[in-house]
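Colleague: Below is one structure. I have some questions about it.
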Amino acid sequence: MESCKYCHKDDPDKPLWVQCSLCPQWVHVSCVSLKHLQDQDGNETKEYPQSSNEISYFQCDAHEGDSKLIKKLDKRKRKRRSPLEEAPSPPRKRYGLRRKQQIDYIALNEGDDKKLKKVHPHAEAFLKCFAKWENNSNLIDSAQLNDGFFQLREPLKIVDPENTGMRLPRPQELGLADQERSLTVDDITQILGGETPVDVMDVQSQQNERWTLSQWNQYFSKTPVEQRDRIRNVISLEVSHFDDQFHIERPKPVEENDLVNIVWEHMGNDDPKPKVTRYILMSSGNSYTDFHLDFAGTSVYYNLVSGHKKFILFPPTDHNLKVYTDWCQDLNQNLVFLGDLLDEGIAMELQAGDLFMLPSGWIHAVYTPADSLIVGGNFLTLRDIETQLQVVHVEKLTKVPKRFTFPMFDLVMGKTCEWAVSLGVHNNHYKLTKDALIVLLNYMKLQDTKYKPLKYPSKRSMIKKLEELIDLKD
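With full-length UniProt numbering, letter number 171 in the sequence shown gets 171, and the count goes up by one each step, no holes.
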């Protein structure tokens, strides 16, 4: 479980956290010294922010210069500045972390079962479950992906990924190789810089450690597999802020159907976009990521650059979501292999070069037979409004910490609501169904859904317009 850099605790009595804008470090707001607190005009202030909406910027003491926490100005003092303005969004975790009893399987079995250093205890159950649900038929080509995107609701492997528009940096073009070859972790270290911080997960204990990319490269690229001390995994290195050095082009259907792209084009108002679109994942052989939902039910594109991956996925049926929710709330969840309790599975195997599309709300676990490098990302869609909001409800039931949820989700939903109202009944191109609008309306009505509209005096007045639109729908 991640702890505060300053007090070294994950203290539930200190609920407000802030992440460094320059690295993935999280701290309790109240643990930041008052001498490092200032407002956006550079004036000292002695009052801590009471919510994340009051925070403009935070820099921890791991970087050059003093630590600083910058509060937004009181809205009465601000000019031409949106009350919803957010600090530049730092890298976020891509998985739906759940609070659970942390178990270090190696420590529990030291002296009895040394092999646990090389394999996760659920690996055998995973492989048995994989054989039960193995699927080799969920294949489509890029044209089918592009033309039929709104009808695609199952995990799919793209047979011609080179035609999707997906493009990665090429070592030869970057001057890192004399001839054409695949991207490597060593290349990424040179491009992003060895001091770039990364969260490294110990697969057995499921706990994170803070490393530099240089340290990770030493472990992954230069240490023989048999000499590695533990199985380790990096699944949360978001790199969209490195676009100049490490430009990734997402598949065209992803770019065109990303809900954030759509609503920001019409309702952006200079608000920064959530940074969840481009991740690098690096998994050592025998890594295992337990069953989870991607935050807010986001869909995922997943390009396996090198290595080998096995997925087991289960659809977001009422039964599966209920079992998943109960499992998340079980103190002994680490001892239970969830795949034995879920229905209607699909298991798929990925090899180097494969492009995989993971749809909204599918509960999944991942096993890595060999060292693997992946580039992928998360995105919300209009197609999946209902499923996405259903997953957000599950996140609330299972008390997923806010720092592991989709960043600025209420802002995205609020902008979507305003944009839908602006379209009126003429939204056939975007396929906004009446059911989707009703679910969106119900979410916006929740007291804890915070949004200040751009074009309406209040959230209530915007909701009234959305109700009128729904009444006009067939």
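In this text, a Cβ means the ideal position worked out from N, Cα and C, and glycines have one as well.
Note that the structure is a prediction, hence the values are computed from the model and not measured.
Could you please give the first and the last residue of the uninterrupted beta strand (DSSP E) stretch that includes Lys157?
Modeller: 156 to 158
Colleague: Pairs of beta-carbons, one from the stretch 325 to 340 and one from the stretch 255 to 265, closer than 8 Å: are there three or more?
Modeller: no
Colleague: Roughly how many whole angstroms lie between the Cα atoms of Lys128 and Val119?
Modeller: 15 Å
Colleague: Per the contact definition of three or more C-beta pairs closer than 8 Å, is the stretch 266 to 275 in contact with the stretch 405 to 423?
Modeller: yes
Colleague: What's the call for Cys328, buried or exposed, on a 16-neighbour Cβ count within 10 Å?
Modeller: buried
Colleague: Which runs of the alpha helix (DSSP H) spanning at least 4 residues fall entirely within the UniProt domain "JmjC" (241 to 396), listed in chain order?
Modeller: Entirely contained in the UniProt domain "JmjC" (241 to 396), the alpha helix (DSSP H) runs reaching 4 residues are, in chain order, 252 to 257, 259 to 267, 318 to 328.
Colleague: Counting along the chain, where does the beta strand (DSSP E) carrying Val185 start and finish?
Modeller: No beta strand (DSSP E) holds Val185; the alpha helix (DSSP H) holding it covers 185 to 192.
Colleague: How would you label Pro224, buried or exposed, when you count the other beta carbons within 10 angstroms and need 16 or more for buried?
Modeller: exposed
Colleague: Are the stretch 194 to 203 and the stretch 222 to 239 touching, with three or more C-beta to C-beta distances below 8 Å?
Modeller: yes
Colleague: For Cys417, count neighbouring Cβ atoms within 10 angstroms of its own Cβ and tell me buried if that reaches 16, exposed if not.
Modeller: buried
Colleague: Could you spell out where the beta strand (DSSP E) holding Phe58 opens and where it closes?
Modeller: 55 to 59
Colleague: Taking the alpha carbon of Asp371 as the point to measure from, which residue in Pro453, Leu304, Asn257 has its own alpha carbon closest?
Modeller: Of the candidates Pro453, Leu304, Asn257, the one whose C-alpha sits nearest the C-alpha of Asp371 is Leu304.
Colleague: Okay, do the stretch 351 to 368 and the stretch 292 to 308 touch, 3+ Cβ pairs below 8 Å being the bar?
Modeller: yes
Colleague: So, helix, strand or coil for Arg403, using DSSP?
Modeller: Arg403 falls in the helix class under three-state DSSP.
Colleague: Comparing alpha-carbon positions, which option in His393, Lys5, Cys31, Ala62 lies nearest Tyr48?
Modeller: Answer by Cα proximity: Cys31.
Colleague: Would you say Asp244 touches the ligand NAP, meaning its beta carbon is less than 8 Å from a heavy atom?
Modeller: Here there are no bound small molecules, and the ligand NAP is not part of this structure.
Colleague: Using beta-carbon positions only, say whether Leu397 and Ile363 come within less than 9 Å of one another.
Modeller: no
Colleague: Within the chosen definition, does the stretch 242 to 260 reach the stretch 204 to 220 through at least 3 CB pairs nearer than 8 Å?
Modeller: At 8 Å Cβ cutoff, the stretches do not touch.
Colleague: Run through the DSSP bridge pairs and tell me what Arg167 is partnered with.
Modeller: Glu249
Colleague: So, Phe356 versus Tyr302, is the Cβ gap smaller than 9 Å?
Modeller: In contact: Phe356 and Tyr302 (Cβ atoms closer than 9 Å).
Colleague: In terms of residue numbering, what span does the beta strand (DSSP E) encompassing Met201 cover?
Modeller: 197 to 202
Colleague: Is it the case that the Cβ atoms of Leu423 and Leu466 are separated by a distance below 9 Å?
Modeller: no
Colleague: For Glu180, does the count of other Cβ atoms within 10 angstroms reach 16, so buried, or fall short, so exposed?
Modeller: It is exposed - the Cβ of Glu180 has fewer than 16 other Cβ atoms within 10 Å.
Colleague: Where does Val18 sit, in a helix, a strand or coil, going by DSSP?
Modeller: Secondary structure at Val18: strand, using DSSP grouped into helix, strand and coil.
Colleague: Ignore the nearest five residues each way along the sequence and tell me which others in Tyr6's own chain have a CB closer than 8 Å to its CB.
Modeller: The residues are Val27, His28, Cys31, Val32.
Colleague: From the DSSP output, which residues share a beta bridge with Asn233?
Modeller: Met201, Ser283
Colleague: Specify the secondary structure class of Thr223 as computed by DSSP and reduced to three states.
Modeller: coil
Colleague: Let me know the secondary structure DSSP gives Asn135 once reduced to three states.
Modeller: coil
Colleague: Quick check: what's the CA-CA separation for Ser51 versus Ala177?
Modeller: 48 Å
Colleague: On the criterion of 16 or more Cβ atoms from any shown chain inside 10 Å, does Gln388 qualify as buried, or is it exposed?
Modeller: Around the CB of Gln388, 16 or more other CB atoms lie within 10 Å, so the residue is classed as buried.
Colleague: Between the alpha carbons of Ser137 and Lys157, how many angstroms are there, rounded?
Modeller: 9 Å
Colleague: Counting along the chain, where does the beta strand (DSSP E) carrying Gln207 start and finish?
Modeller: 207 to 212
Colleague: Between the C-alpha atoms of Gln40 and Val392, what's the straight-line distance to the nearest angstrom?
Modeller: 32 Å
Colleague: Taking 9 Å as the cut-off, decide whether the C-beta atoms of Ile55 and Lys71 are in contact.
Modeller: yes
Colleague: Once the 5 residues before and after Arg167 are set aside, which same chain residues still bring their CB inside 6 Å of it?
Modeller: For Arg167, the CB contacts under 6 Å within the same chain, skipping 5 residues up- and downstream, are Glu249 in chain order.
Colleague: Check each candidate in Lys252, Ala131, Met348, Ser21 and name the one with the smallest Cα separation from residue 477.
Modeller: Residue 477 lies beyond the range of the chain shown here (1 to 474); nothing can be said about it.
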